[in-house]
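**Student:**
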Amino acid sequence: MAEAIIGKQRNGPTGTVKLAYIDKYTRFENLEKR
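Residue numbers for the sequence shown follow the working numbering, beginning at 73 and rising by one.
#1: What does DSSP give as the partner residue(s) for residue 101 in the beta ladder?
#2: Just the Cα atoms here: how many angstroms apart are residue 103 and residue 77?
#3: Confirm the yes/no value for this check: CB of residue 73, any heavy atom of the ligand NAP, distance under 6 Å.
#4: Can you tell me which of 99, 79, 82 puts its alpha carbon nearest to the alpha carbon of residue 91?
#5: Can you find the residues in the same chain that come closer than 7 Å, C-beta to C-beta, to residue 79, ignoring five residues on each side of it along the sequence?
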């Protein structure tokens, strides 16, 4: 599990997002959509 901090965004909110690392595909996915 990883956490991305969105500190600056042009047209949206700031905050944090929790991510799951999928090593089979070498990518991160949003935990809230799973």
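Glycine included, C-beta positions come from ideal geometry on N, C-alpha and C.
**Tutor:** Well, looking at it:
#1: 92
#2: 14 Å
#3: In the structure shown, the ligand NAP is absent, as is every other ligand, since no ligand is present at all.
#4: 99
#5: 86
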